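What follows is a set of notes on a single structure, which appears directly below.
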Amino acid sequence: MSSINTNLSAMTALQSLKSTQNAMNKNQNQISTGLRVGEASHNASYWSISTQMKSDNGALSAVKDAIGQSKAMINTFTSAMDKALTYLNKMKAGLVTASQPGADLAKIQEEFKANIEGMKSAAGSASFNGQNWLAGAATTVNLVTSYDGVANKVGMLAINTADTSLFTDPTTPATGAGLLGDVALINLSGATAAQIATHLGTVDTAITAVTKGSAMLGANKALLETQEEFISALSDSLTAGVSTFIDADMNEASTRNQALQTQQQLGVQALSMANQNSQMILKLFQ
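Going letter by letter, the sequence shown gives residues 1 to 286 in the UniProt record's numbering.
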């Protein structure tokens, strides 16, 4: 039946054209943004998952920054510890020389004084971002090493600075205060052979302790480097996961766009033909 009030063919063609246009708009938005899921309305589940994954990835990025700072901090302390070992080895050699009869103890003591001041300076200046593990009372320092998105928990690495504290107070070292407290009190003035032997034992003990502390720093730096590699790999995995959920396949989007353009052209033609059918009714009255 033909009606001048209702053109069902035109209505059908128009609805089809609108549907094609909506699909084109959605597809073009994917092409322009590169996102298949740009907001929750596109796919609530994928959007929610990807948002959480991006949040966790941001936390992992902060962990990587923290690990980088910790490595730089340990490098600073390790350099100072190595410098202290250099001074201790000089003092050890000086004590061996002092053991020789007729050695100039006063001159060797002057060298010791310079070495001790050098160790104090190294310990006092080994500061990084307000942290100094070589000068001050022993304490436990916690370094950020990981983030658990499931438990929402930050992983920490505990370091006891008792293994690195060279002086409790570099300005006024006291006996037993820090790894080098006793070394700082060595005085060869009028020292006997037995006293020199005792001093040699003190220095050797200090070398062992500082070496242990330096090794501890190196081991923890290696651990941080391993953790940093793992965090990087985990971050890459999360980034790939987010991409899987929300990124558009540009090849597919481009192919779909061409198909939709063809559908749009056909829809316009179908609508035009449907509108022309109404004009045919006029010919019946001629």
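Positions of the beta carbon are idealized from the N, C-alpha and C atoms, including for glycine. It should be emphasised that the depicted structure is a prediction, and the values quoted were computed from it without experimental measurement.
Asked: Check whether G213 and T164 have beta carbons under 8 Å apart; Found: yes
Asked: Residues that DSSP places opposite N160 in a beta bridge; Found: T140
Asked: Secondary structure of A126, DSSP reduced to three states; Found: coil
Asked: C-alpha distance - I49 paired with L60, whole-angstrom precision; Found: 17 Å
Asked: Host alpha helix (DSSP H) of H199 (start-end); Found: 193-246
Asked: Proximity below 8 Å, CB of S146 to CB of I231; Found: yes
Asked: Expected contact under 8 Å - CB spacing of V154 and V141 to nearest Å; Found: So it is not a contact: roughly 15 Å between Cβ atoms.
Asked: Secondary structure of D148, DSSP reduced to three states; Found: strand
Asked: Identified DSSP bridge partners for A135; Found: F167
Asked: Selection from F77, N152, T97 that minimises the alpha carbon distance to N127; Found: It should be pointed out that residue 127 corresponds to Ser in this sequence rather than to Asn. Residue F77 is the option with its Cα nearest to S127.
Asked: Sub-8 Å separation of V203 and K92 beta-carbons; Found: yes
Asked: Exposure of T226, with buried meaning 16 or more beta-carbon neighbours within 10 Å; Found: exposed
Asked: Per DSSP, cross-strand counterpart(s) of V154; Found: Y147
Asked: Whether L95 touches L200 by CB criterion (8 Å); Found: yes
Asked: CA-to-CA distance, A259 to K18, given in whole angstroms; Found: 15 Å
Asked: Residue environment, G178, which counts as buried when at least 16 other CB atoms sit within 10 Å; Found: buried
Asked: Selection from M216, G149, T51 that minimises the alpha carbon distance to W133; Found: M216
Asked: Cβ neighbour criterion (16 or more within 10 Å) applied to T115; Found: Residue identity differs from the one stated: residue 115 is Asn in this sequence, not Thr. Its Cβ being crowded by 16 or more others within 10 Å, N115 is buried.
Asked: Proximity of A135 and K83 at Cβ, strictly below 8 Å; Found: no
Asked: Three-state class that DSSP yields for I186 in the structure shown; Found: coil
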